[in-house]
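Working notes, beginning with the structure itself.
Residue numbers (our numbering): -15 to 195.
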């Protein structure tokens, strides 16, 4: 496997999964209650990529936003790599997200991570005005699953990926709608493929603002 899983219980049981990234053991509470409480292949691939390419993607002292943070694993790894992180998701996800981030970052990180509500495409200019909220990196992992929200997802990516911001999106292709969204994504930004994990059907993209 392209990542190290130290311990994993049966997926149908509420459980704590343990991973090793950035020289730390990370314990993640997971559940089948929602998509946002599971660990997805794109998140694992992105964590491994960030850990292995910390000179190319230097998160130290950078402002980082994660959209669709889910369990918080990617945000936790970004914190451990020295970033100032804001992890976002829907209100019903925030309880578990906050729990996981708090238990895995307290006393370990340069900055205290923040957790915030973000509904894709809704009230972005009011809740996250571009004049105030500027990020060096926006991270997204396996966020293309609510197929009725893909328009809103792209709007959200475009809102945050302004000049000076790098968007890193890790995605496992599952359906034709994934491929169609990827084409729209490529048309919206300047794109580089950072990595491919064929056995997991995961690609990691770097996107920047298209002038």
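Every residue, glycine too, gets a C-beta built ideally from N, C-alpha and C.
From the options, residue whose alpha carbon lies closest to that of residue i
i: residue 131; options: 183, 163, 192 and 142; result: 163
i: residue 126; options: 46, 157, 179 and 93; result: 157
i: residue 102; options: 70, 89, 90 and 86; result: 70
i: residue 192; options: 8, 148 and 165; result: 148
i: residue 96; options: 8, 55 and 63; result: 63
i: residue 244; options: 56, 172 and 190; result: Here the chain has residues from -15 to 195 only, and residue 244 is not among them.
i: residue 76; options: 54, 92 and 60; result: 54
Rounded straight-line distance, which links the Cα of residue j to that of residue i
i: residue 41; j: residue 34; result: 7 Å
i: residue 98; j: residue 176; result: 29 Å
i: residue 155; j: residue 9; result: 24 Å
i: residue 104; j: residue 87; result: 27 Å
i: residue 78; j: residue 72; result: 8 Å
i: residue 150; j: residue 174; result: 10 Å
i: residue 122; j: residue 32; result: 17 Å
i: residue 90; j: residue 68; result: 13 Å
Residue i, buried or exposed, once every other Cβ within 10 Å from all chains shown has been counted against 16
i: residue 187; result: buried
i: residue -5; result: Residue placement at residue -5 is flagged as unreliable, the pLDDT there being 45, under the threshold of 50; a coordinate-derived value is accordingly withheld.
i: residue 0; result: exposed
i: residue 93; result: buried
i: residue 115; result: exposed
Residue(s) in a DSSP beta bridge with residue i
i: residue 180; result: 187
i: residue 68; result: 47
i: residue 149; result: For residue 149, which the question treats as bridged, DSSP gives no partner whatsoever.
i: residue 73; result: 101
i: residue 9; result: 4
i: residue 154; result: 125 and 188
i: residue 175; result: 191
Complete runs of the beta strand (DSSP E) confined to the stretch 80 to 139 [at least 3 residues]: For the stretch 80 to 139, whole beta strand (DSSP E) runs of length 3 or above, ordered along the chain, are 98 to 101 and 121 to 125.
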